[in-house]
Structure formats: C-alpha cells, structure tokens
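Step one of this worksheet: look at the structure below.
Protein chains: 2
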Amino acid sequence: MMRRIVLDAMGGDHAPGPEVEGALAAVRERPIEVILVGDEPLLKERLARAAERHPGRRRGKITLRHASQVIAMDEHPGAAFKAKKDSSMRVAFNLVVEGAGDAVVSAGNTGAVLACGLFLMKRLPHLERPGITTVCPTRTGSYCVMLDMGANTEVRGSTLAQFAVLGSTYARTLLGHARPRVAVLSNGEEETKGTEVTREAHRLLAAFPDGDFEFRGYAEGRDVFSGDFDVIVTDGFTGNVALKTFEGTLRFLFETLEAKARRSRRAMVGAMLLKPTFRAIRRLLEPEEHGGAVLLGVDGVAVISHGSSNAKAIKNALFTAAHLAEVGLTPALAEGLARHRRLWEEGAEPPAKAPAAAEG
Amino acid sequence: MMRRIVLDAMGGDHAPGPEVEGALAAVRERPIEVILVGDEPLLKERLARAAERHPGRRRGKITLRHASQVIAMDEHPGAAFKAKKDSSMRVAFNLVVEGAGDAVVSAGNTGAVLACGLFLMKRLPHLERPGITTVCPTRTGSYCVMLDMGANTEVRGSTLAQFAVLGSTYARTLLGHARPRVAVLSNGEEETKGTEVTREAHRLLAAFPDGDFEFRGYAEGRDVFSGDFDVIVTDGFTGNVALKTFEGTLRFLFETLEAKARRSRRAMVGAMLLKPTFRAIRRLLEPEEHGGAVLLGVDGVAVISHGSSNAKAIKNALFTAAHLAEVGLTPALAEGLARHRRLWEEGAEPPAKAPAAAEG
Chain A
0 MMRRIVLDAM GGDHAPGPEV EGALAAVRER PIEVILVGDE PLLKERLARA AERHPGRRRG
60 KITLRHASQV IAMDEHPGAA FKAKKDSSMR VAFNLVVEGA GDAVVSAGNT GAVLACGLFL
120 MKRLPHLERP GITTVCPTRT GSYCVMLDMG ANTEVRGSTL AQFAVLGSTY ARTLLGHARP
180 RVAVLSNGEE ETKGTEVTRE AHRLLAAFPD GDFEFRGYAE GRDVFSGDFD VIVTDGFTGN
240 VALKTFEGTL RFLFETLEAK ARRSRRAMVG AMLLKPTFRA IRRLLEPEEH GGAVLLGVDG
300 VAVISHGSSN AKAIKNALFT AAHLAEVGLT PALAEGLARH RRLWEEGAEP PAKAPAAAEG
Chain B
0 MMRRIVLDAM GGDHAPGPEV EGALAAVRER PIEVILVGDE PLLKERLARA AERHPGRRRG
60 KITLRHASQV IAMDEHPGAA FKAKKDSSMR VAFNLVVEGA GDAVVSAGNT GAVLACGLFL
120 MKRLPHLERP GITTVCPTRT GSYCVMLDMG ANTEVRGSTL AQFAVLGSTY ARTLLGHARP
180 RVAVLSNGEE ETKGTEVTRE AHRLLAAFPD GDFEFRGYAE GRDVFSGDFD VIVTDGFTGN
240 VALKTFEGTL RFLFETLEAK ARRSRRAMVG AMLLKPTFRA IRRLLEPEEH GGAVLLGVDG
300 VAVISHGSSN AKAIKNALFT AAHLAEVGLT PALAEGLARH RRLWEEGAEP PAKAPAAAEG
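If you read the protein sequences in the order shown, they are chains A and B. Counted from 1, the first sequence has number 325 at position 326 by numbering that gives the first Met the number 0; the numbering is strictly sequential. Counted from 1, the second sequence has number 289 at position 290 by numbering that gives the first Met the number 0; the numbering is strictly sequential.
Here it is, written out as structure tokens:
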C-alpha cells in the first residue's frame, strides 16, 4: 500500500515554493502519495509550473486538499490554533486523525504544530508531555537521539524519565539500537550535579534497571557527539540552547576559516582542496539531511521541518514521515509507555532535597 | 609595585608540574611575584629542576608558602573546604584576604574554589550569588563575556539581573566596551519565551534603562558568537551545557575532518596547507589562551584555571589575575553593584505568571 503523507504546504517561511518542489522531488524518487494542503488554486498553479520544469516520471503521486487559512510564524501558537480551524496545519493534522493520511509534515510555527499534536492527535496514554526529538551524528559514526528540543521549557523529573522511554523507543525503531544507552543532560557526571529536576529524573531512572534501555546516568554537553550515548534527554529550554550553540559554533568556525583563508594564499589553496570534505561534514550536520525533528508522544506521526526548509529538506522530512509510519513508530511508543509506566508511577514520591554540589 | 599573585600549586589534575612551570614562565616574561602555595619541599625541588632546564633571566620572582593539605578534584567541595583548613587552596585564598597577595589563581576543585571565594573572601555587598565568567571570541573579532558557567545551577531572576551588572562591569574593565550590550540567554528572542526565571530577569532589566549597559533582551545559543552582544547571562546549569556543547562540537569537527583527510589524498594535502589556520582557530578558542575563568562577585580577584591546565594555561591565568588586580576589577564591581541596586531591589515584586509560548 502506498503511504499517504500529508504536507502542510503553507507553513514554512518560504511556503509554498519549497513544499511544492519537495513533494514533487519525493514522488519522483519513491512510491508515496503526498497530500498537499493549502490554497488549492495557488498550489495547483505552482505544481503545474514545477512539473513543467521537472517533467520526469513519478513513482508516487500528489493530491491536493484545500484549506483557506494559514498560521503565520509569528502568531501566538495557542490563539492561532484556536482561531484558524481551516488553517492548512489543522486540516493536515485532521487528515491523519481521520485516517485519510498516515503521517503529517509541517515546516510551520512550531508552537502551533505542538498544539495540533496535543489537541487534534492527542497525547499517548500514560504520558505527561510530548517532546521534540532530533538526531545528531557522533564521532563514532552512530547517531544520538536528543529530546526535548523545545516543546517544554519547564519539566518535571518524571517528564524526563518518560522522555527516556520515548527516545529509546525511537532509537530502537529508527536507528536499530538494540538496547539504547540513555542519559540525562546535566552540568557534570556525578549524580550530585544537576538541578532538582535532573536529580529526580536520575533517581527514577537509576531505580528502574529493567527498562528496554540502559540508563547511563548524566551526560554533559560534549557527550552529544561522543558516541557514548544513544539517547540524551533534557528540558526544551536547555535542549534549544544546546542545539543553537552547536549551530553557532559551526557557523563561527566556517566563517572564521573563510576569513582566514582569504588572507593567505596557502590557506586558500588548502581550503579549496578541502571543499568536498567540508561539504561532506556540513551535510552530516545539517538538519535538512536528516529529515527534520519529530514530535514524539502524540497519537500519530508528526514531522517538524525547519521553518527555513528548502525543497530537499521537505523531501527528506516526507521520507522520514513515510518511514516512521512504515515501521510503526506510534504503536511502538504506546507500547513502550505502557510497559515502562512503573518507572515514573511507583518511583514518584518526592525526592529528598539535595544541595547543589558546586555550592559547597 | 610588583603585583603578587598567589598560586594554588597543588590544585590541578597534574599538580604541581604545570603550576611550577607556568609560574616560572610567567616570571621570565613579566615583572610579577608568584607565591606558590603547597608542599614546600616538593615545590622547592620541582622548582630547582625546572629552573635548571630554563636558566634564563627572570623579570619577576617566585616565593614559596607551605600548606600541608590538598583538596582533591573528586572531594565534596563543602566538606573538603571545612575539613582542610591547611589546604593549598585555603591558604592561597587567605593570603589574598590578609593582604599578602593581590589575586589568587587555582586549577583545583571548582566547587571548593567557590567555597573559598564565598567564605574566605566573602561576597560583595548587595549581591545574591557570585558567578563564574568566561570570555568567548565572536565572528566580528570582539569578545563576549558569559556567566554563570557553573557556580549556581539554580538562580532567581534577580540573580541574573545582578549577573548583568557583574558581566558588564567586567566587559568594561577587561575589554574596554564603553556601554556593553547585555542579553539573557533563552530559547528564543521573543520576550514570551524562556522560563519563569528568565522572564523575571527580562522584566527587571527592561524596566531599568539607565544602567551602565544596554539591555538587548534575549539571546539564543548561537548568539554567543554573533558579535551582537558583549555580555550574555544565564544560570550555571545552562551555561555549563552551552560551554561543553561548544567544546564537543569543536572536537567533533576537528576529529571528523582528520578522519576524512586520512581517506583522501586531496583532502590530506588541503589539511596540511590549512594546518597553521586550524592552529590559529584552535588558539582563538582554547581557554588556556584566555587565562581561565574568573569568579566574579567576591571581594578579591580569583581566577579559576581548567583542571587539566598546562603550564601555558597557568601562565596566562597568572597574567589575567595580575591584570585584573592592576585595573581594579574588585572596586569596580563593588561600585557597579551599589550603583545598580535599584535594578533588583525596587523591581522585585513577583511577576505575573506568563504561559510558555510554545505550549499553546
């Protein structure tokens, strides 16, 4: 059966250009159906023009579904979600809820995507909060699943314990790690480090050795790339800061390198010779290559593409969505949450207040 | 007058080797006095051996001060501080408190350094908590002061507002920024983003336009390197995660580059030609070049060198300490805190509870 991926065609910063091009690229490469949701006349016209430029054979197909409204990037997520019932994003999510699609992709307002996930798809049973997940390359060539990358700025210890279950199920389903090594992000490896919230998560996870994952304690910021962990959980505030620090460091390095190369003939030649290598590294690190972030913990597959996604990023997000629907991510998550519920339900007495280690 | 810098010679991971070598290198280059504190017979012997290897002229001088105990890296900071009254670290701090030294440098247990600062030097008036500061290079060639890098895992909004005063005074004194541009680290630029704590800090700082700094709102993780801000304040948990993510990204990039270069002749030649450039970039980014972190907000100059510091890092930390004593950092901070106290004292009514934007 051809997977049906619903694409919010109006959400991204440059919509619907990259969405239309990305959908077309996807159906040329693979036998999937992409349901483009948005202003139908506009999409029809754009699609016709794009098809003229790329007349090749299609292995999949594209269908259109009209939606009269658009949620803008700078709108208040909750208010926009409530007000715009016929927005491309809501219509797209509803198609999956109604069973007319197998997964949804949006490059739109992340807060509104979260609202659609929570209020249309609904949370999976036993879960406090869904989380946004991304996948980072590591030094050993493996990948590390990180969450939450921005859905929840403030969490409880039990939320992080649940993220461990979500993340490890994702790592197993998507990356094939048999028994993922899981850690809580902290400011040091010793279990006395961290905040009250991370220490509570550490306590819950350490007291539950029979999970489908191996709890390895705390990880530090540098461990994201170390290859020593398959899953690192944190709150959405810290996750966002870590992700953007990573992006900033990359940009700083490449720009500094460029500036220095411009001032030295020798460096210029070196940089030219290394160009394919740099390109390969950037490709390794750029989110468009990995097909976007995933909203984990709602009853359906929802892939969040970066607002500034180009056609390639959209295409990869569509492939990720199709793959996650194919391998049954949602039932695997539901089962994982049910099987591990003792982890946070029984361990949930309030922790003894431990003093922060660094404060003597 | 020759500045007298007290060096905890037993604190670092490899003590006292790098401490002795670093002190010797420092006094060869500049007319400062380094007071080495630790096991006197051991230090005497190491110093004699090191001096044999480097018989050159000294512009400054080294003196020794015995201390019978050492606080280890893995000891509980508070307990070790209390128990080891004759530790090299406590003796070193006390020399500055008694006026026998102008500044102190330690590569030892950071928590214990914090305890020495708090309980021996004492906090400056009007301050809730001291913070650990580091300086990052930016794309524009300027430097950005970041704090707190690990002294306080959990803070209040008023603590961050005070960090803004500490950081901007440091940026003015050390880097010469006339009116530093200050931001609070957050997960987005809009003032509705962040945690309750960052929103409270935002509110306090925005309501106080007449500071010796310009409040620019929120900064994101990538802004550390953007050059748009001179000071970015955060709690010690987030600061530590950001710093280590930065270190991890650097290491990942250079290692990946090396691995790829090994597999391609073209890339190998390119990497060889770029070697001096890479070295220059690493130098720009490595903390040993910048002379370590500074404990801001205690009544005295205390420089924290990385535990794994080599002789060069120790030397630069000694120079930083001498410079900060020279330019009068401590009186400048005391004056800044007194002048800005209205910022957190009058603005300190509890904030209206704002919902997290991303949560709809």
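Quick reminder that beta carbons are idealized off the backbone N, C-alpha and C, glycines included.
TODO: Rounded to whole angstroms, what's the CA-CA distance from A/A301 to A/F214? Just pull it up for me.
DONE: Along the first sequence, read from residue 1 onward, the residue named residue 301 of chain A stands at position 302. Along the first sequence, read from residue 1 onward, the residue named residue 214 of chain A stands at position 215. In a straight line, the C-alpha of A/A301 is about 27 Å away from that of A/F214.
- [ ] Measure the CB-CB distance between A/A71 and A/L35 and report whether it falls below 9 Å.
- [x] Position 72 of the first sequence holds residue 71 of chain A. Position 36 of the first sequence holds residue 35 of chain A. Not a contact, by the Cβ cut-off of 9 Å.
Open item on the list: Quick check on B/E190 - is its C-beta less than 9 Å from some C-beta in chain A?
Closed with: Working through the second sequence from its first residue, we reach residue 190 of chain B at position 191. No, no contact with chain A.
Task: DSSP-derived helix/strand/coil call for A/V96 - done: The residue you call residue 96 of chain A lines up with position 97 of the first sequence. Looking at A/V96 - three-state DSSP - the assignment turns out to be helix.
- [ ] Check the Cβ of A/V223 against every Cβ in chain B and list those closer than 8 Å, keeping chain order.
- [x] The residue labelled residue 223 of chain A in the question sits at position 224 within the first sequence. Those are T244 and G247, listed as they occur along chain B.
TODO: Would you mind stating whether A/G299 and A/M120 have Cβ atoms separated by less than 9 Å?
DONE: Stepping through the first sequence from its first residue, residue 299 of chain A is reached at position 300. Stepping through the first sequence from its first residue, residue 120 of chain A is reached at position 121. Cβ distance < 9 Å, so A/G299 and A/M120 count as in contact.
Task: Where the alpha helix (DSSP H) through A/R221 begins and ends - done: Start at 1 with the first residue of the first sequence, and residue 221 of chain A comes out as number 222. From DSSP, A/R221 is part of no alpha helix (DSSP H); its letter is neither H nor E.
- [ ] Specify, as a first and last residue, the run of the alpha helix (DSSP H) that B/H65 falls within.
- [x] One-based indexing of the second sequence puts residue 65 of chain B at position 66. Where B/H65 is concerned, there is no enclosing alpha helix (DSSP H), although the beta strand (DSSP E) it sits in stretches over K60 to H65.
Task: For B/F118 and B/S76, the rounded distance between their alpha carbons - done: Within the second sequence, numbered from 1, the residue matching residue 76 of chain B stands at position 77. Within the second sequence, numbered from 1, the residue matching residue 118 of chain B stands at position 119. Checking the sequence, you will find Pro at residue 76 of chain B rather than Ser. Using only the alpha carbons, I get a separation of about 12 Å.
Open item on the list: Which residues does DSSP list as the beta-bridge partners of B/R3?
Closed with: On the second sequence, position 4 is the one that residue 3 of chain B refers to. Bridge partners of B/R3: B/E32.
Open item on the list: Please list, in chain order, the chain B residues whose beta carbon lies closer than 8 Å to that of A/N239.
Closed with: The residue given as residue 239 of chain A occupies position 240 in the first sequence. Within chain B, the residues near A/N239 are N186, G187, E219 and G220.
- [ ] Step through the CB atoms of chain B and report whether any lies within less than 9 Å of the CB of A/F214.
- [x] For the purposes of this step, residue 214 of chain A is taken as the residue at position 215 of the first sequence. Closer than 9 Å: no.
TODO: Report the rounded CA-to-CA distance for A/D227 versus A/R180, giving the unit in angstroms.
DONE: Along the first sequence, one-based indexing puts residue 227 of chain A at 228. Along the first sequence, one-based indexing puts residue 180 of chain A at 181. Answer to the nearest angstrom: the Cα atoms are 8 Å apart.
Open item on the list: Please state whether the Cβ-Cβ distance between B/G21 and B/L342 is less than 9 Å.
Closed with: Translated into the one-based positions of the second sequence, residue 21 of chain B becomes position 22. Translated into the one-based positions of the second sequence, residue 342 of chain B becomes position 343. No.
Open item on the list: I need the straight-line Cα distance from B/D229 to B/T133, nearest angstrom please.
Closed with: As a working mapping, residue 229 of chain B is identified with position 230 in the second sequence. As a working mapping, residue 133 of chain B is identified with position 134 in the second sequence. Near 12 Å, if we compare the C-alpha coordinates of B/T133 and B/D229.
Task: Burial state of A/G140 (16 or more Cβ within 10 Å) - done: Looking up residue 140 of chain A in the first sequence gives position 141. Answer is exposed; the Cβ neighbour count stays below 16.
Task: B/V104 vs B/S307 beta-carbon contact at 9 Å - done: For this step, residue 104 of chain B is matched to residue 105 along the second sequence. For this step, residue 307 of chain B is matched to residue 308 along the second sequence. Result no, Cβ atoms of B/V104 and B/S307 do not sit closer than 9 Å.
TODO: Report the three-state DSSP secondary structure of A/F214 (helix, strand or coil).
DONE: Position 215 of the first sequence, counted from the first residue, corresponds to residue 214 of chain A. A/F214 falls in the strand class under three-state DSSP.
Open item on the list: Quick check: what's the CA-CA separation for B/V326 versus A/P208?
Closed with: Your numbering for residue 326 of chain B matches position 327 in the second sequence. Your numbering for residue 208 of chain A matches position 209 in the first sequence. Distance between the alpha carbons of B/V326 and A/P208: 55 Å.
TODO: Apply the 10 Å Cβ neighbour rule to A/H53 and answer buried if 16 or more other Cβ atoms are within range, or exposed otherwise.
DONE: Looking up residue 53 of chain A in the first sequence gives position 54. A/H53 should be labelled exposed.
TODO: Apply the 10 Å Cβ neighbour rule to B/G98 and answer buried if 16 or more other Cβ atoms are within range, or exposed otherwise.
DONE: Taking the second sequence and counting its residues from 1, the one referred to as residue 98 of chain B is at position 99. Flag for B/G98 reads exposed.
Task: Whole-number beta carbon distance between B/A310 and B/A24, since they are thought to touch under 8 Å - done: By one-based count along the second sequence, residue 24 of chain B stands at place 25. By one-based count along the second sequence, residue 310 of chain B stands at place 311. The Cβ separation is near 6 Å, so the contact holds.
Task: First and last residue of the uninterrupted alpha helix (DSSP H) at B/A331 - done: Mapped onto the second sequence, residue 331 of chain B falls at position 332. That run of the alpha helix (DSSP H) goes L328 to R338.
Open item on the list: I'd like to confirm something about B/R281: is its beta-carbon nearer than 8 Å to some heavy atom of the ligand MN, or not?
Closed with: No copy of the ligand MN appears in this structure; indeed no ligand is present at all.
Open item on the list: Less than 9 Å between CB atoms is the rule here; does B/G269 satisfy it with respect to chain A?
Closed with: One-based indexing of the second sequence puts residue 269 of chain B at position 270. Yes, B/G269 counts as interfacial toward chain A.
Open item on the list: DSSP three-state label for B/S86, please.
Closed with: Counting from 1 along the second sequence, the entry for residue 86 of chain B is found at position 87. Reduced to three states, the DSSP call for B/S86 is strand.
TODO: For chain B, find out if any of its Cβ atoms is closer than 9 Å to the Cβ of A/E358; answer yes or no.
DONE: The residue you call residue 358 of chain A lines up with position 359 of the first sequence. Note that A/E358 scores a pLDDT of 37, beneath 50, so its modelled location is shaky and nothing firm can be said.
Task: Distance between A/R89 and B/Q161 (C-alpha atoms, nearest Å) - done: Taking the second sequence and counting its residues from 1, the one referred to as residue 161 of chain B is at position 162. Taking the first sequence and counting its residues from 1, the one referred to as residue 89 of chain A is at position 90. C-alpha separation (whole angstroms): 44 Å.
Task: 9 Å Cβ cutoff met for B/A337 and B/P124 - done: The sequence position of residue 337 of chain B within the second sequence is 338, counting from 1. The sequence position of residue 124 of chain B within the second sequence is 125, counting from 1. Yes, these two residues count as a Cβ contact at 9 Å.
TODO: Would you verify that the beta carbon of A/G166 is, or is not, closer than 9 Å to some beta carbon of chain B?
DONE: Indexing the first sequence from 1 puts residue 166 of chain A at position 167. No, A/G166 lies away from the interface with chain B (no Cβ there is under 9 Å from its Cβ).
TODO: May I have the straight-line CA-CA distance separating B/G10 from B/A292, to the nearest angstrom?
DONE: Indexing the second sequence from 1 puts residue 10 of chain B at position 11. Indexing the second sequence from 1 puts residue 292 of chain B at position 293. For B/G10 and B/A292, the distance between alpha carbons rounds to 15 Å.
- [ ] Please go through the same chain and pick out, in chain order, the residues whose beta-carbon is closer than 8 Å to the beta-carbon of B/A356, but skip the five residues on each side of it.
- [x] As a first step, residue 356 of chain B is located in the second sequence; it is residue number 357 there, counting from the start. Only weak support is given to the placement of B/A356: the predicted model assigns it a pLDDT of 43, under 50, and the question is left unresolved by the model.
TODO: Compute the distance between the beta-carbons of B/A312 and B/R29, then report whether it is under 9 Å.
DONE: Start at 1 with the first residue of the second sequence, and residue 312 of chain B comes out as number 313. Start at 1 with the first residue of the second sequence, and residue 29 of chain B comes out as number 30. No. Outside cutoff.
- [ ] Using a threshold of 9 Å, state whether the C-beta atoms of A/T233 and A/L174 are closer than that.
- [x] Looking up residue 233 of chain A in the first sequence gives position 234. Looking up residue 174 of chain A in the first sequence gives position 175. No, Cβ-Cβ distance for A/T233 and A/L174 is not below 9 Å.
Open item on the list: Between which two residues does the alpha helix (DSSP H) holding B/D172 run?
Closed with: By 1-based counting over the second sequence, the position of residue 172 of chain B is 173. Asp is not the amino acid found at residue 172 of chain B; the sequence shown has Thr there. Here the alpha helix (DSSP H) through B/T172 covers G156 to L174.
TODO: Identify the contact partners of A/K259 in chain B, using a Cβ-Cβ distance below 8 Å as the criterion.
DONE: One-based indexing of the first sequence puts residue 259 of chain A at position 260. Chain B residues near A/K259: T276, A279 and I280.
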